[in-house]
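Worksheet: one structure, shown below.
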Amino acid sequence: MKYLILFCFIASATSIICGLALEVSFAEKLVGFGTVGLFIITFPLFAYYRWKDRSLKDYMLNKENLDKMRDSQKESKY
1 MKYLILFCFI ASATSIICGL ALEVSFAEKL VGFGTVGLFI ITFPLFAYYR WKDRSLKDYM
61 LNKENLDKMR DSQKESKY
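In the working numbering, the protein residues as written are 1 to 78.
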C-alpha cells in the first residue's frame with residue numbers, strides 16, 4: 001500500500017510539473033489529471049493507510065475526553 005501511494009504521488013506530481021514546464025497542446029490536461037490524481041486517488045489512499053488502525057473515539061470531544069484534558073492541564077500547571 002505504501003508503494004502504491006508513493007507511485008500515485010510521483011505520477012501526479014510528474015504530470016503537474018510536465019504540464020507546467022512543457023509547451024504542448026495538452027499541457028492543461030496534464031495539470032488537471034495530476035491534480036485529480038492527487039486529490040481523488042492519492043490523498044484518500046494515504047488517509048486510509050494512516051488511519052485504518054485507529055479508533056475515532058479517541059479523537060471525539062465527549063465528556064470523558066474533556067475531563068481527561070482538564071485533568072492533564074491541571075497536572076501540568078503544578
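Glycine included, every Cβ here is placed at the ideal spot set by N, Cα and C.
Since this is a predicted model, take the numbers as computed values, not measurements.
- Taking 9 angstroms as the cut-off, the beta carbon of residue 20 is found no closer than this to the beta carbon of residue 45.
- Annotated three-state conformation of residue 76 is helix, per DSSP.
- With respect to the C-alpha of residue 7, the residue from 42, 36, 72 and 50 having the closest C-alpha is 42.
- Residue nearest to residue 30 within the set 51, 67, 12 and 73 is 12 (criterion: CA-CA distance).
- Between residue 16 and residue 35, the C-beta spacing is below 9 angstroms.
- Judged by DSSP secondary structure, residue 32 falls within the alpha helix (DSSP H) whose first and last residues are 27 to 36.
- Straight across, the Cα-Cα distance linking residue 22 with residue 32 is about 14 angstroms.
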